[in-house]
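Asker: Following this message is one structure expressed as structure tokens.
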Amino acid sequence: MSKDQKPDCISERLRIEKLGGVVYDGYLNGQLSISRALGDWHMKGSKGSACPLSAEPKLQEINLTEDDEFLIMGCHDLWDVMSNQCAATMARKELMIHNDPQRCSRELVREALKRNSCDNLTVIVICFSPDPPSRIETPPSRVRRSISAEGLNLLKDVLD
Numbered sequence: 001m002s003k004d005q006k007p008d009c010i011s012e013r014l015r016i017e018k019l020g021g022v023v024y025d026g027y028l029n030g031q032l033s034i035s036r037a038l039g040d041w042h043m044k045g046s047k048g049s050a051c052p053l054s055a056e057p058k059l060q061e062i063n064l065t066e067d068d069e070f071l072i073m074g075c076h077d078l079w080d081v082m083s084n085q086c087a088a089t090m091a092r093k094e095l096m097i098h099n100d101p102q103r104c105s106r107e108l109v110r111e112a113l114k115r116n117s118c119d120n121l122t123v124i125v126i127c128f129s130p131d132p133p134s135r136i137e138t139p140p141s142r143v144r145r146s147i148s149a150e151g152l153n154l155l156k157d158v159l160d
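Taken in order, the sequence shown gives residues 1 to 160; the numbers are from the UniProt record's numbering.
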């Protein structure tokens, strides 16, 4: 469901360049890691003028299924330090523990701060069911794991 609105995405780069902007090292005009945003007024021109930073979202309509458990809406400062999968995994674990989307949002913010997010953070978690996510059963691994005697000795030396 997620489509990151980053300046280095081909369609966004073309839109930006068409409006006179540039993408430098993955940043819009060398300054912003996203290409669509509310705020960041210093990047926008006067009202009605063409600007490579757009406040217009890309909208998508989908039908939810039983498998859809929650939605995470976050500002770019969350996504700059956390992958979509990492945020979803963390949110799922938090919801399984306490089933509180507000608390889950706070935990995502805390984790982003631990990862040195350096701007304002906004995160909203919306649950599609009043019940917590169910535990996903994973089949036991059939891969046997072992360590050689030499590897064990090296590990002991490092830990001592």
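C-beta: ideal position from N, C-alpha, C; glycine also.
Is it the case that the Cβ atoms of Pro101 and Cys127 are separated by a distance below 8 Å?
Answerer: Their beta carbons are under 8 Å apart, which means Pro101 touches Cys127 by this criterion.
Asker: Helix, strand or coil: which one does DSSP assign to Gly74?
Answerer: Gly74: strand per DSSP, three-state reduction.
Asker: May I ask you to list the residues that DSSP assigns as paired with Leu28?
Answerer: In the DSSP output, where bridge partners are listed per residue, Leu28 has Val23 and Leu32.
Asker: Would you kindly check if the distance between the Cβ of Leu121 and the Cβ of Leu71 is under 8 Å?
Answerer: Not closer than 8 Å, so no.
Asker: To the nearest angstrom, report how far apart Gln5 and Ser148 are at their CA atoms.
Answerer: Cα to Cα, the separation comes out at about 47 Å.
Asker: Pick from Asp131, Pro130, Cys86 and Pro133: whose alpha carbon is nearest that of Glu111?
Answerer: If we check each option's Cα against that of Glu111, Cys86 comes out closest.
Asker: Is there contact between the segment 90 to 99 and the segment 53 to 65, where contact requires at least three CB pairs shorter than 8 Å?
Answerer: They do not touch, by the three-pair rule.
Asker: Look at the Cβ atom of Glu12, then the Cβ atom of Ser33, and state whether they are nearer than 8 Å.
Answerer: No.
Asker: Can you tell me whether DSSP reads Cys127 as helix, strand or coil?
Answerer: Reduced to three states, the DSSP call for Cys127 is strand.
Asker: Measuring alpha carbon to alpha carbon, tell me which of Ser54, Ala37, Leu38 and Asp25 ends up nearest Lys18.
Answerer: It is Ser54.
Asker: Is DSSP giving Ser105 helix, strand or coil here?
Answerer: Three-state result, Ser105: helix.
Asker: Please classify Ser134: does DSSP put it in a helix, a strand, or coil?
Answerer: Three-state DSSP puts Ser134 in coil, outside helix and strand.
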